[in-house]
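*Asks:* This is the structure I have questions about; it appears just below.
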Amino acid sequence: MVVLIQSQTLPFNPPGAEPVLNTAQIWEALLLKCRKPQDFLSPMSGSEVLEETETMIKRSVTFKQGMGPPGDKAREDIDLRKPWKADFRNLDSGAFISNIVSQGQDEKDLYLTFYFEWPFPNIEAGSQEEKDTSRRLWSLAKESVQSTIEHTRNLVKEGKIDTS
Numbered sequence: 036m037v038v039l040i041q042s043q044t045l046p047f048n049p050p051g052a053e054p055v056l057n058t059a060q061i062w063e064a065l066l067l068k069c070r071k072p073q074d075f076l077s078p079m080s081g082s083e084v085l086e087e088t089e090t091m092i093k094r095s096v097t098f099k100q101g102m103g104p105p106g107d108k109a110r111e112d113i114d115l116r117k118p119w120k121a122d123f124r125n126l127d128s129g130a131f132i133s134n135i136v137s138q139g140q141d142e143k144d145l146y147l148t149f150y151f152e153w154p155f156p157n158i159e160a161g162s163q164e165e166k167d168t169s170r171r172l173w174s175l176a177k178e179s180v181q182s183t184i185e186h187t188r189n190l191v192k193e194g195k196i197d198t199s
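Here our numbering is used: the first residue of the sequence shown is 36, the next is one more, and so on.
Spelled out as structure tokens, the structure:
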């Protein structure tokens, strides 16, 4: 068994990006991502919020065939830490994911980090399968952060998230 750990960070507001996003807009987008991940992440095809409070969401998600866990479904508990962090715990596989917003030098210097812990009980440590799976997940991690930032910016441009 192996647990593959990946982390990927990208800026929300690189030079020339318009509009410049703020923490309130980013947090609203992360809440939307928690409720409807399929709008942000290509491997997911659907979701259902089962319960929601200000600090927690319980949901069921459906993945495109072959893009997720066996059976292409997962149950997740999400711990919300407004406005900086959402932690996702897969109740079926034990996978853990954090979406973390961080600030650099000023309020416009914002970053998104996705941190992943994926358990693979059927992969042998040190095997070629572990290396191949790790490379594939690294690419998926980067794509997930990029698509979340792009979709957030598009939601703001379209007026679907308040721009103030």
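A virtual CB, placed ideally from N, CA and C, is assigned to each residue, including glycine. As the structure is a prediction and not an experimental result, all values here were calculated from the model.
When burial is assigned at 16 or more other CB atoms within 10 Å of the CB, is GLY101 buried or exposed?
*Replies:* Here residue 101 corresponds to residue number 66 of the sequence shown, with the count starting at 1. Exposed, because fewer than 16 other Cβ atoms sit within 10 Å of the Cβ of GLY101.
*Asks:* Can you tell me where the beta strand (DSSP E) holding LEU147 begins and where it ends?
*Replies:* To locate residue 147, count along the sequence shown from 1; it is residue 112. Counting along the chain, the beta strand (DSSP E) containing LEU147 begins and ends at 145 to 155.
*Asks:* Could you please give me the residues that DSSP links to PHE123 through a beta bridge?
*Replies:* On the sequence shown, position 88 is the one that residue 123 refers to. According to DSSP, PHE123 bridges with ILE113, ILE132.
*Asks:* Could you pull out every residue in the same chain whose Cβ sits closer than 7 angstroms to the Cβ of GLU164, ignoring the five residues on either side in sequence?
*Replies:* On the sequence shown, residue 164 is found 129 positions in, with the first residue counted as 1. So the qualifying residues of the chain are ILE158.
*Asks:* Roughly how many angstroms separate the alpha carbons of VAL96 and GLU152, rounded to a whole number?
*Replies:* For the purposes of this step, residue 96 is identified with residue 61 of the sequence shown, where counting begins at 1. For the purposes of this step, residue 152 is identified with residue 117 of the sequence shown, where counting begins at 1. If you take the alpha carbons of VAL96 and GLU152, they lie about 18 angstroms apart.
*Asks:* Determine the burial state of ILE40: buried for a count of at least 16 other Cβ atoms within 10 Å of its Cβ, exposed for fewer.
*Replies:* Within the sequence shown, residue 40 is the residue found at index 5, counting from 1. ILE40 is exposed by the Cβ-count criterion.
*Asks:* Under 9 angstroms between the Cβ atoms of LYS120 and ILE132?
*Replies:* Mapped onto the sequence shown, residue 120 falls at position 85. Mapped onto the sequence shown, residue 132 falls at position 97. Not closer than 9 angstroms, so no.
*Asks:* Have a look at ALA59, PHE47, SER42, GLU142 and flag the residue whose alpha-carbon is nearest the alpha-carbon of ARG116.
*Replies:* Your numbering for residue 116 matches position 81 in the sequence shown. Considering only alpha carbons, the answer is ALA59.
*Asks:* List the residues that DSSP assigns as beta-bridge partners of ILE196.
*Replies:* Here residue 196 refers to the residue found at position 161 when the sequence shown is read from its first residue. For ILE196, which the question treats as bridged, DSSP gives no partner whatsoever.
*Asks:* Identify, in the order they occur along the chain, each residue of the same chain with its Cβ nearer than 7 angstroms to the Cβ of THR88, setting aside the five sequence neighbours on each side.
*Replies:* Within the sequence shown, residue 88 is the residue found at index 53, counting from 1. For THR88, where only same-chain residues beyond five positions count, there are no Cβ hits under 7 angstroms.
*Asks:* Taking the alpha helix (DSSP H) that THR58 belongs to, which residues open and close that run?
*Replies:* In the sequence shown, counting from the first residue as 1, residue 58 sits at position 23. 58 to 70 is the span of the alpha helix (DSSP H), which, as asked, contains THR58.
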